[in-house]
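Enquirer: What follows is a structure written as structure tokens; I'll ask about it next.
Protein chains: 2
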Amino acid sequence: MADKDCRENIIASAVPLFAAKGLNGVSVRELASAAGVNLSMISYYFGGKEGLYAAILTEQFAILRTLDEIDQMEIDTLQKFELYVRATVSRYRKNPYLLRFYTSELTNPTACFETIVKPAINKVVQMLLDNFTDGLSHKKFREDLDPADTVLALAGMINFYFLLEPATAELVDHTPERDEKLIRHIMDIFSRGILK
Amino acid sequence: MADKDCRENIIASAVPLFAAKGLNGVSVRELASAAGVNLSMISYYFGGKEGLYAAILTEQFAILRTLDEIDQMEIDTLQKFELYVRATVSRYRKNPYLLRFYTSELTNPTACFETIVKPAINKVVQMLLDNFTDGLSHKKFREDLDPADTVLALAGMINFYFLLEPATAELVDHTPERDEKLIRHIMDIFSRGILK
């Protein structure tokens, strides 16, 4: 197996293990056995279990950085908020493990929280805050709104929907086919709430 | 030590352990040692580790049931939504471990998810849905809103604020002194979003 394939194979088989048991709940032996490689390969490629976990978190949270692209676009501030909601839906749909790493790092942080997770989340919140300030300066949004509370409210509306999914499947239709309606609905409540 | 005290002592010292490491990450030996009791006391009082974990989850999610009281009140539907937000803030402030059990059960469910966690969450969502329907029938809320998306949006705005706290402390003032402002702010955005 080529170096790159072997590295990626280890990562791919480690993701569900770390997602289910956390950094401390998984042994190097388990990781090697899941990937079908020799124990020494974990340290060869990643310097050990912690290095492998850090590589995975970097990959998981790299998706957040794609939001930078939204920031660069020459579009209306409300459209930028909508693109953020869309990108959030899309990354949960594409990556079923993200939410586990996300909540586990927020509630039981490892060393990676300060180096990988927190900077990634801060970047998104800062992007949303800048967008809100931009809308304010163009007199689009209500001036009595607290910028931080406002953008966290938007983030909460969409992120929490996915977190609650396993508990509310009987009360709420969570199928991807309804995502478009959900996005428009959240943007509808949010824009009526913040527009002048 | 009286039976009740001993039982409560075991629970109190087990909460932080389970919150940090999950059901599978903690041994009966650790639990007994943290409580300063003999190993056999865990099975005597709880029938084992799983029973102790279930007792703790029942206690943690019992707080959700206090929301029933709100349901019984003879007040305006919008006020009921506000009381839900208030109760949510108050239970996170009073119980620093709730969020960890909450997110861990949602992303990596144990056997308790189906028996304790899911019914508790469903009860809250159902209460919010009933309240929304009530407001609709009194022509208070916009008819084009999806009831489930609307109440999950409200739940998301307040719950996610607490989940993100460790990551956004530098960008957002999360101190309890600001809770009142936060509650009013969320209700402000939400009511403009849903009122006719």
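Line by line, the protein sequences are chains A and B.
Taken in order, the first sequence gives residues 785 to 980; the numbers are from our numbering.
Taken in order, the second sequence gives residues 785 to 980; the numbers are from our numbering.
For each residue, glycine too, the CB sits at the ideal point set by N, CA and C.
Just so it is clear, the structure is predicted and the values come from calculations on it, not from any experiment.
Please classify G806(A) as buried or exposed, where buried requires at least 16 neighbouring CB atoms within 10 angstroms.
Expert: For this step, residue 806(A) is matched to residue 22 along the first sequence. So G806(A) ends up on the buried side.
Enquirer: Classify A895(B) as buried or exposed, calling it buried when 16 or more other Cβ atoms lie within 10 Å of its own Cβ.
Expert: The residue you call residue 895(B) lines up with position 111 of the second sequence. It is exposed - the Cβ of A895(B) has fewer than 16 other Cβ atoms within 10 Å.
Enquirer: Under DSSP, the alpha helix (DSSP H) around T776(B) begins and ends at which residues?
Expert: Because chain B spans 785 through 980 in this model, residue 776(B) falls outside it and cannot be assessed.
Enquirer: Can you confirm whether P893(B), when its beta carbon is compared against all beta carbons of chain A, has any partner nearer than 8 Å?
Expert: Working through the second sequence from its first residue, we reach residue 893(B) at position 109. It does: the Cβ of P893(B) has a partner Cβ on chain A nearer than 8 Å.
Enquirer: What does a CB cutoff of less than 8 Å around I795(B) pick up in its chain, not counting 5 residues either side in sequence?
Expert: Translated into positions along the second sequence, residue 795(B) becomes position 11. Same-chain partners within the cutoff: L836, A839, I840 and E843.
Enquirer: Against P950(B), what residues of chain A qualify as contacts under a CB-to-CB distance less than 7 Å, listed in chain order?
Expert: Taking the second sequence and counting its residues from 1, one reaches residue 950(B) at position 166. L890 and P893, listed in chain order.
Enquirer: Using a cut-off of 7 Å between C-beta atoms, extract the partners of G919(B) located in chain A.
Expert: To locate residue 919(B), count along the second sequence from 1; it is residue 135. None at all; the shortest Cβ gap to chain A is about 14 Å.
Enquirer: What are the residues of the region 823-852 of chain B that lie near chain A, defined by any Cβ-Cβ distance shorter than 7 Å?
Expert: none
Enquirer: Please specify which runs of the alpha helix (DSSP H), each continuous and at least 4 residues long, are wholly inside the region 903-953 of chain B, giving them in chain order.
Expert: Those alpha helix (DSSP H) runs which fall completely within the region 903-953 of chain B and span 4+ residues are 931-947 and 949-952.
Enquirer: Mapping the DSSP letters down to three states, classify L823(B) as helix, strand or coil.
Expert: Working through the second sequence from its first residue, we reach residue 823(B) at position 39. The answer is coil: DSSP assigns L823(B) none of H, G, I, E or B.
Enquirer: Using the beta-carbon of each residue, which ones in chain B are nearer than 8 Å to T934(A)?
Expert: In the first sequence, residue 934(A) corresponds to position 150, counting from 1. Those within 8 Å of T934(A) in chain B are H969 and I973.
Enquirer: Bridge partners for L979(A) per DSSP, in chain order?
Expert: Locating residue 979(A) in the first sequence gives position 195, counting from the first residue. Paired residues: F925(A).
Enquirer: So what's P800(A) in DSSP terms, helix, strand or just coil?
Expert: The count along the first sequence starts at 1 and reaches residue 800(A) at position 16. Helix, per DSSP.
Enquirer: For Y868(B), decide whether its Cβ has a neighbour in chain A, counting only Cβ atoms nearer than 8 Å.
Expert: As a position in the second sequence, residue 868(B) is number 84, starting the count at 1. Judged by the 8 Å Cβ criterion, Y868(B) is not in contact with chain A.
Enquirer: Between P950(A), A953(A), A786(A) and D933(A), which has its C-alpha nearest R962(B)'s C-alpha?
Expert: Looking up residue 962(B) in the second sequence gives position 178. Measuring from the Cα of R962(B), the nearest candidate turns out to be D933(A).
Enquirer: Got a sec: does the ligand NAP put a non-hydrogen atom nearer than 7 Å to the Cβ of T959(A)?
Expert: Of ligands this structure carries none, so the ligand NAP is not represented either.
Enquirer: Which residues in chain A sit within 8 Å of D855(B), going by Cβ to Cβ distance?
Expert: Your numbering for residue 855(B) matches position 71 in the second sequence. Simply none; closest approach about 16 Å.
Enquirer: If you run the structure through DSSP and keep just helix, strand and coil, what is E898(A)?
Expert: In the first sequence, residue 898(A) corresponds to position 114, counting from 1. Note: E898(A) maps to helix in three-state DSSP.
Enquirer: Starting from R850(B), trace the alpha helix (DSSP H) in both directions and tell me its first and last residue.
Expert: What you label residue 850(B) is simply residue 66 of the second sequence in a count that begins at 1. It should be noted that the sequence gives Thr, not Arg, for residue 850(B). First-last for T850(B): undefined, no H or E at that position.
Enquirer: Going along chain B in order, which residues have a C-beta closer than 7 Å to the C-beta of Y945(A)?
Expert: Along the first sequence, one-based indexing puts residue 945(A) at 161. Within chain B, the residues near Y945(A) are L936 and G940.
Enquirer: Would you identify the three-state DSSP class for H958(B), choosing helix, strand or coil?
Expert: As a first step, residue 958(B) is located in the second sequence; it is residue number 174 there, counting from the start. Coil.
Enquirer: Tell me where the alpha helix (DSSP H) around Y886(B) begins and ends.
Expert: Looking up residue 886(B) in the second sequence gives position 102. Looking at the DSSP string, the run of the alpha helix (DSSP H) that includes Y886(B) is L882 to T891.
Enquirer: Who are the neighbours of I905(B) on chain A, taking C-beta pairs under 8 Å?
Expert: As a first step, residue 905(B) is located in the second sequence; it is residue number 121 there, counting from the start. The answer, in chain order, is L948, A951 and T952.
Enquirer: Look up E843(B) in the DSSP assignment and say whether it is helix, strand or coil.
Expert: By one-based count along the second sequence, residue 843(B) stands at place 59. Reduced to three states, the DSSP call for E843(B) is helix.
Enquirer: Distance check for F925(B) and Q856(B), CA to CA, integer angstroms please.
Expert: Counting from 1 along the second sequence, the entry for residue 856(B) is found at position 72. Counting from 1 along the second sequence, the entry for residue 925(B) is found at position 141. Cα to Cα, Q856(B) sits roughly 20 Å from F925(B).
Enquirer: Do you know offhand how far I978(B)'s Cα is from R870(B)'s?
Expert: Position 194 of the second sequence holds residue 978(B). Position 86 of the second sequence holds residue 870(B). Their Cα atoms are separated by approximately 19 Å.
Enquirer: Closest to A846(A) by C-alpha separation, out of E866(A), K833(A) and N879(A), would be which residue?
Expert: Stepping through the first sequence from its first residue, residue 846(A) is reached at position 62. Measuring from the Cα of A846(A), the nearest candidate turns out to be N879(A).
Enquirer: When the Cα atoms are used, what is the spatial distance from Y881(A) to S824(B)?
Expert: Sequence index remark: in the first sequence, residue 881(A) carries index 97 (1-based). Sequence index remark: in the second sequence, residue 824(B) carries index 40 (1-based). Each residue's Cα considered, the two are about 38 Å apart.
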